[in-house]
Amino acid sequence: MTEFDGSAQSWSLVAFCAVVTVTLLLCVMTGPDRDDLAEFYTGYRTMSPLRNGLAIAGDYISAATVLTIGGVIALCGYDGVVLVLSMTLSLMLLMFLLAEPLRNTGRFTLGDALSRRMPGRSVRITTCAVTLIALLPMMLVQLASTGQLLAYILGFTGSTMKTGCVVGVGALMIAYAAIGGMKGTALIQLLKMVMLLGSGAVVAVLVLRAFDWDPGALFTAAAEHSGAGQAYLRPGLQFAAGEHPRLDMISTQLTIVLGAACLPHVTMRMYTAGSARQVRRSMSWAVTAVAVFAVVITVVAVGATALVGREGLAAADPRGNTAYLLGSRAAFGAHLSRPETLLFTSVTTALFLTLLASVAGMILACANSLAHDVFATRSKPPGPQRETMLARVCALVVGVPAILLATLVQDRSLQPLATASFCVGASALAPALVYALFWRRCTRAGLLCTLIGGTLAVLVLMPGTSLVSGSPTAAFPGLDFHWFPFTTTGVASIPAGFLCGWVGTMLSGRSRKDRQRRLYDRVEPRILAGTALPRSRADAPPVTGGGG
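For the sequence shown, counting from 1, position 492 maps to 492 in our numbering; every step adds exactly one.
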């Protein structure tokens, strides 16, 4: 029931070509007509809350989310369900705590928001560096997954073909980001979410129908075919081989909750809302879309275990990354009719579009940060048109190394890379945002210590986890140099990020802390309520493209 016949492969190839053509055309049509700074970075903040909300959800639900979390749900049951619920909770945390302050203080990038209280090039450059460190691993995951997905669906096994797919898709991503800007990539994200939710909902209905619309029967059948029995329905299966399974599970959930929604390609969407009311409505649509997807992926992934079995899933991929695809295929039965073939093609196309859209958004976030936070803050800043051109060139500067690195890691486990991105988001970016937006006494030294200390903690601890070595599914299965007894670094790196910021602030001296407190009192109305305040001369942008 999980083999793809020639008809399904042919239709999938046709659909992929059509998606590439249509999305590239949409980027050309909706991209900035001229080198306009505000239009490239924010689309003039003209997107409706529904469109912006779906774009936020599209950036949030990456290919790593669909493939990796789908695999965890299929193989580990309860732990995977908790993981996908943690991702929904993370977006709700962004909605209620950070969305409006980010929109009120930021203009184009995360560096804008963090430097609102602490103007200076050092904050912007450090934020840009952390942005690149956080998003580059995730970009490698998306690009490497492209070759694996196409190879599995279309039936080729040669490494040369996989590498060709990675290079070709990577080139498309650079074009999407450079040509379409914020509005063009948002349109791709919107199309992706419509296809992903629509096709996924149909498959979820088919899975439930196969079990007489009884979710209890679905989970019972999955437990029977999971190879773990009732442990499949209880917490701890994913971390059972670790030294501290309960603490490891808490560390993972905390990392996802704090890190997933703080990644720069997600937070940059806050700046596209025209008002505080619009950002609230956009986030409401985004949370709704992600919650619906959480239900869909749970049903499909659990259905994959119930219909295919653990052995079948592991035979296709030991880490279960093809579970969503196999569950979708199994839901149609042994033989596909013409309508079922077309519907299954929509599932594979939605996954391919997810890969395209995810990388495009990340490249755009990195390119915007390089252009706006590094090159545009020099003593002689470029004009708006030149900065827009710089952002397009930076998309190439970021994209080419990402493509080359993706070709090197495509045959290894990608889970450590995805985990590292979430860990940097939780350990460096989340503490920095909390301190910069809400702590009156935080100083520039404290903010820099948070960003640098949290990032370094992740970079030091991550190579020592069992995801990198010491297990059959690690990135280096033949080696064993792991020394950190957890699969994520959050249990140590998140406290380290907050502690570094506190220590840096305490060591700054009373006069600097008092000065920062007075400065916060002046900018607090803008942070919390969006009240317009005069910008400092050093931080004032050359041209404004809208509110915020």
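Backbone N, C-alpha and C define an ideal beta-carbon position, used for all residues, glycine too.
For residue i, three-class secondary structure by DSSP
i, result
"F293", "helix"
"D214", "coil"
"F486", "coil"
"F481", "coil"
"S469", "strand"
"F476", "strand"
"D317", "coil"
"K162", "helix"
"S10", "helix"
"I125", "helix"
"T419", "helix"
"T109", "coil"
"P381", "coil"
"Q142", "helix"
"P235", "coil"
"S275", "coil"
"A426", "helix"
"G242", "coil"
"S413", "coil"
"R441", "coil"
"G464", "helix"
Cβ-Cβ separation, residue j to residue i (assumed contact under 8 Å), whole Å
i, j, result
"R116", "V523", "6 Å"
"V299", "L208", "6 Å"
"A55", "L190", "6 Å"
"A294", "T419", "Actually they do not touch by this definition, with Cβ atoms about 19 Å apart."
"L233", "A306", "Their Cβ separation, rounded to whole angstroms, is 12 Å, which puts L233 and A306 out of contact at 8 Å."
"I326", "L313", "The sequence given here places Leu at residue 326; Ile does not occur at that position. The Cβ separation is near 6 Å, so the contact holds."
"A445", "T505", "7 Å"
"F486", "S251", "5 Å"
"A406", "G170", "7 Å"
First through last residue of the alpha helix (DSSP H) which encompasses residue i
i, result
"P401", "P384 to V409"
"P119", "From DSSP, P119 is part of no alpha helix (DSSP H); its letter is neither H nor E."
"D449", "Correcting the residue type first, residue 449 is Cys in the shown sequence and not Asp. That run of the alpha helix (DSSP H) goes R444 to L461."
"P525", "R510 to A529"
"H225", "That residue, H225, is in no alpha helix (DSSP H); it is neither H nor E in DSSP."
"T354", "R338 to S369"
"D373", "Counting along the chain, D373 falls outside any alpha helix (DSSP H), and DSSP gives it neither H nor E."
"Y324", "A323 to A330"
"M249", "P245 to G259"
"I73", "G70 to C76"
"R269", "Run containing R269: none; DSSP gives neither H nor E here."
"Y435", "A430 to F438"
"Y60", "P49 to Y60"
Spatial neighbours of residue i in its chain, beta-carbon cut-off 6 Å, leaving aside the 5 residues before and after
i, result
"M249", "F239"
"T105", "A113, R116 and I527"
"M283", "M95 and A99"
"G567", "Residue 567 lies beyond the stretch modelled for the chain, which goes from 1 to 548, so this question has no answer here."
"M139", "V359, M362 and A402"
"F375", "L390"
"L417", "P137, L140 and V141"
"V14", "none"
"S199", "S346, V347 and A350"
"A395", "I174, A177, A178, I363 and A367"
"V130", "A428, L451 and T455"
"A357", "G58, I188, Q189 and K192"
Of the residues the options, the one placed nearest residue i, counting alpha carbons only
i, options, result
"A291", "L197, D79 and V409", "L197"
"T450", "S427, G470, P101 and F40", "S427"
"A430", "A74, S413 and G453", "G453"
"T473", "S12, T68, A55 and G170", "T68"
"L355", "A286, C165 and A217", "C165"
"L110", "L507, A371 and T419", "A371"
"R512", "T443, V66 and V468", "T443"
"A529", "L404, L102 and I133", "L102"
"R124", "R386, F481, A436 and L85", "A436"
"A223", "E311, Q410, A286 and A432", "E311"
"R269", "V82, P49, C17 and G478", "P49"
"A57", "R281, Q9, M118 and S413", "R281"
"Y271", "Q516, K162, A365 and L519", "A365"
"V22", "T126, V82, W11 and L187", "L187"
"S466", "L414, T163, L353 and R386", "L414"
Contacting residues, own chain, Cβ-Cβ under 7 Å from residue i (five flanking each side not counted)
i, result
"F40", "P32, G181, M182, T388 and A391"
"T423", "This sequence places Cys at residue 423; Thr is not what is there. Excluding positions up to five away in sequence, the list reads T255, G259, V458, M462, T488, T489, G490 and S493."
"A228", "L237"
"C17", "none"
"L353", "V19, L191, K192 and M195"
Sequence-distant residues of its chain with Cβ nearer than 8 Å to residue i (five each side left out)
i, result
"S369", "T109, L110, G111, T127, C128, T131, L132 and P264"
"T163", "G147, T407 and Q410"
"G470", "L479, D480, F481 and H482"
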